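Numbering-wise, the working numbering comes out as the position in the sequence shown, counting from 1, plus 392. Read through the structure below, which is laid out as structure tokens, and then see the notes.
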Amino acid sequence: MLGGTIMPQLLVNEIPEKDLEAFSDLERQYLSKLYIEKLPRHVAIIMDGNGRWAEKRMLPRNAGHRQGVEALKRVVKVCAIIGIEVLTVYAFSTENWRRPKREVRFLMDLLVEYLEKEIVSLDENNVKVKISGNIEALNPTARDAVIKGLEKTKDNTGLIFNVALNYGGRDEIVRAAQSVARLVKNGDISVEDIDAALFEKFLFTAGLPDPDLIIRTSGEQRLSNFLLWQMAYSEIMFINLLWPDFGKKDLLLALIDFQQRQRRFGALNHKDGE
Ligand code: FPP
């Protein structure tokens with residue numbers, strides 16, 4: 393403590409040497425600019441641009457999705473190492489069922505392959521897998537792989553890796569409204585008992601902090617039905633990179649940008665009211 397102010401803690405000093413090995417010299421330079429107190433608790437990502445990445449290379453779209461999984465692995469690794477509490481990724485939306493059948497099939501198979509290959513390493517890294525979305529609608533193989541992943545990692549205490557799967561923000565809000573309406577109908581609560589805190593207990597993300605930072609890759613600037621309720625005060629970044637090209641350094645740069653933003657949550661500044 394100096395003159396009553398708390399000195400911000402540099403993140404890099406807290407990372408074990410063996411974990412630092414995962415970073416290049418440039419990435420370590422970026423890491424050394426991050427402060428523990430200023431890290432977002434919850435990072436959420438719209439992983440967009442797999443198709444365009446493939447098309448640019450005259451490859452089938454599926455090759456882009458496969459490369460997208462590699463980007464996802466990098467990001468999960470960084471988040472686990474630096475102590476992000478929650479990482480949410482938009483893996484499959486309620487609208488993605490409208491894609492050609494074989495692309496849907498490929499994405500589901502890729503999810504199963506990813507979970508089967510990565511679950512041991514996720515578990516060893518203390519990552520807890522969570523799903524936001526309705527998994528009842530998945531094919532039995534995908535559903536089983538998901539349930540196995542949830543079960544295997546349920547007691548882990550590190551990064552919560554929240555996969556938005558068959559997820560849509562409106563669908564989530566409608567479901568929550570139905571659940572609350574049922575409580576009223578059964579006489580368990582009165583209409584006046586309904587407030588934001590009660591309502592969000594019925595969202596898929598119940599118990600998680602709201603996303604502090606939402607990243608969308610590919611340059612598209614829209615939110616596509618992602619975390620509509622939860623993003624009330626999120627910082628949003630649209631990044632001009634296709635998802636398969638998103639590397640560790642790009643995440644670190646986004647975190648540096650985030651820590652320079654002043655969040656006000658509707659007040660004048662963080663000392664408002666003092
Ligand atoms: C958007 O790219 C991406 C998706 C719809 C799926 C994201 C999926 C992955 C990164 C891999 C699978 C996920 C897991 C958890 C294994 P797009 O196809 O919309 O790209 P485009 O806009 O360029 O066509």
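The beta-carbon is built from N, C-alpha and C at its ideal position, and this holds for glycine as well. A quick note: this is a predicted structure, and the numbers were derived from the prediction, not measured.
Beta-bridge analysis with DSSP links residue 481 to 437 and 555. Looking at the DSSP output, residue 509 shares a beta bridge with no other residue.
At the C-beta level, residue 483 and residue 619 stay beyond 7 Å of one another. Excluding the 5 residues flanking it on each side, residue 628 has same chain C-beta neighbours closer than 7 Å at 606, in chain order.
Given a length threshold of 3 residues, each whole run of the beta strand (DSSP E) inside the region 571-623 is given here in chain order: 605-609. Here residue 589 is exposed, its C-beta having fewer than 16 other C-beta atoms within 10 Å. Of all alpha-carbon atoms in 563, 406 and 545, the one lying nearest the alpha-carbon of residue 525 is that of 563.
Apart from sequence neighbours up to five positions away, the residues of its chain that approach residue 427 with a beta-carbon distance below 7 Å are 400, 401, 402, 403 and 651, ordered along the chain.
Nearest to residue 505 by C-alpha distance, out of 486, 534 and 487, is 534. Residue pairing from DSSP places residue 628 in a beta bridge opposite 606.
Distance from the Cα of residue 647 is smallest, within the candidate group 631, 617 and 456, for 631. Counting every other CB atom within 10 Å of its CB across the protein chains shown gives residue 440 a total of 16 or more, marking it as buried.
Within the DSSP bridge table, the entry for residue 524 names 556 as partners. Restricting attention to 410, 638, 575 and 576, the CA atom closest to the CA of residue 438 is found in 638. Under the three-state reduction of DSSP output, residue 514 falls in the helix class.
The residue from 501, 641, 409 and 551 with its alpha-carbon nearest to that of residue 538 is 501. Within 6 Å of the C-beta of residue 442 there is at least one heavy atom belonging to the ligand FPP. Looking at the DSSP output, residue 427 sits in a beta bridge with 402. Considering only 448, 656, 405 and 549, the residue with the shortest C-alpha distance to residue 633 is 448. Using a Cβ-Cβ distance cut-off of 8 Å, the region 510-528 and the region 548-564 are in contact, since at least three pairs of beta carbons, one from each stretch, lie closer than that value. Going by beta carbons, residue 509 and residue 545 fall outside the 7 Å limit. Between the beta-carbon of residue 636 and that of residue 442 there is about 6 Å, and that keeps the pair under the 8 Å contact cut.
For the ligand FPP, a non-hydrogen atom lies closer than 6 Å to the CB of residue 483.
One Cα belongs to residue 488, the other to residue 479, and the distance between them is close to 21 Å.
Contact between residue 554 and residue 522 holds: their C-beta atoms lie close to 4 Å from each other, under 8 Å. When C-alpha distances from residue 423 are compared across 451, 471, 565 and 464, the shortest belongs to 471. For residue 561, the shortest separation between its Cβ and any heavy atom of the ligand FPP does not lie below 6 Å. Checking the 6 Å criterion, the Cβ of residue 460 is within range of a heavy atom belonging to the ligand FPP. Residue burial annotation: residue 432 is buried, with at least 16 other C-beta atoms found within 10 angstroms of its C-beta.
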